[in-house]
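Asks: Numbering follows full-length UniProt numbering, with no gaps: position 115 of the sequence shown is 115. Cβ coordinates follow ideal geometry from the N, Cα and C atoms, glycine included. Below is one structure. I have some questions about it.
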Amino acid sequence: MANNYKIFISHSWAHSSDLEDLRKLLNSRGYFNVEFTEASKDVPINSTNAPYIKARLRAKIQSSNIVLALAGIYASHSDWMPWELDTAKSLGISIIGVIPRGQERISQVVYSRSVIDVRWNTESIVEAIRTHAK
Numbered sequence: 001m002a003n004n005y006k007i008f009i010s011h012s013w014a015h016s017s018d019l020e021d022l023r024k025l026l027n028s029r030g031y032f033n034v035e036f037t038e039a040s041k042d043v044p045i046n047s048t049n050a051p052y053i054k055a056r057l058r059a060k061i062q063s064s065n066i067v068l069a070l071a072g073i074y075a076s077h078s079d080w081m082p083w084e085l086d087t088a089k090s091l092g093i094s095i096i097g098v099i100p101r102g103q104e105r106i107s108q109v110v111y112s113r114s115v116i117d118v119r120w121n122t123e124s125i126v127e128a129i130r131t132h133a134k
């Protein structure tokens with residue numbers, strides 16, 4: 001029987017197409033069951049109150065087995081990604097950097113916090129999740 005993985009994907013809302021593409025990639029993988037826990041444009045945290053948002057995100061991260069961080073250079077310009085990744089680290093949840101298709105450079109925000117960085121390849125991502133998920 002395949003494990004079920006709860007995955008939080010740290011991403012930049014300005015590049016939400018990468019989030020959607022990564023979700024589709026993992027959902028299409030046979031014998032790999034995932035539940036996504038991050039906030040997204042489809043299911044946002046409807047608040048402008050930063051402490052409330054952080055509390056909700058912290059709970060989502062804490063309930064996850066692993067955090068995937070989209071490692072495009074745009075992550076270096078995100079207000080939320082460093083906080084999400086630092087929160088995951090403080091909770092003892094491993095971070096996998098996922099390098100979007102065609103990217104040569106990756107964000108130091110992700111690289112400096114990840115246990116491994118993988119290219120946009122289904123098997124590489126799945127293997128990293130299976131290896132590092134709690």
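Give the straight-line distance between the Cα atoms of L118 and S90, rounded to the nearest whole angstrom.
Replies: Residue numbering aside, residue 118 sits at position 118 when the sequence shown is read from its first letter. Residue numbering aside, residue 90 sits at position 90 when the sequence shown is read from its first letter. Residue 118 is actually Val in this sequence, not Leu. In a straight line, the C-alpha of V118 is about 22 Å away from that of S90.
Asks: Using DSSP with H/G/I as helix, E/B as strand and the rest coil, what is I7?
Replies: Position 7 of the sequence shown, counted from the start, is the residue given in the question as residue 7. Strand, per DSSP.
Asks: Just verifying my parser: in three-state terms, what is the DSSP assignment at L68?
Replies: Translated into the one-based positions of the sequence shown, residue 68 becomes position 68. Strand at L68.
Asks: Short check: CB of S64 to CB of T37, under 7 Å?
Replies: As a working mapping, residue 64 is identified with position 64 in the sequence shown. As a working mapping, residue 37 is identified with position 37 in the sequence shown. Result yes, Cβ atoms of S64 and T37 sit closer than 7 Å.
Asks: For G97 versus S114, is the C-beta distance shorter than 7 Å?
Replies: As a working note, residue 97 is residue 97 in the sequence shown. As a working note, residue 114 is residue 114 in the sequence shown. Contact flag set, yes.
Asks: Runs of 4 residues minimum, wholly inside the region 61-112: which ones carry the alpha helix (DSSP H) assignment?
Replies: Complete alpha helix (DSSP H) runs here, min 4: 81-90, 108-111.
Asks: Whole angstroms is fine: what's the gap from N121's alpha carbon to A55's?
Replies: Numbered from its first residue, the sequence shown carries residue 121 at position 121. Numbered from its first residue, the sequence shown carries residue 55 at position 55. One C-alpha to the other measures close to 32 Å.
Asks: DSSP on R119, reduced to helix/strand/coil?
Replies: Residue numbering aside, residue 119 sits at position 119 when the sequence shown is read from its first letter. Correct three-state label for R119: strand.
Asks: On the criterion of 16 or more Cβ atoms from any shown chain inside 10 Å, does V109 qualify as buried, or is it exposed?
Replies: Your numbering for residue 109 matches position 109 in the sequence shown. Flag for V109 reads buried.
Asks: In whole angstroms, give me the CA-to-CA distance for T131 and L70.
Replies: Here the question's residue 131 lines up with position 131 in the sequence shown. Here the question's residue 70 lines up with position 70 in the sequence shown. T131 and L70: Cα-Cα distance of roughly 18 Å.
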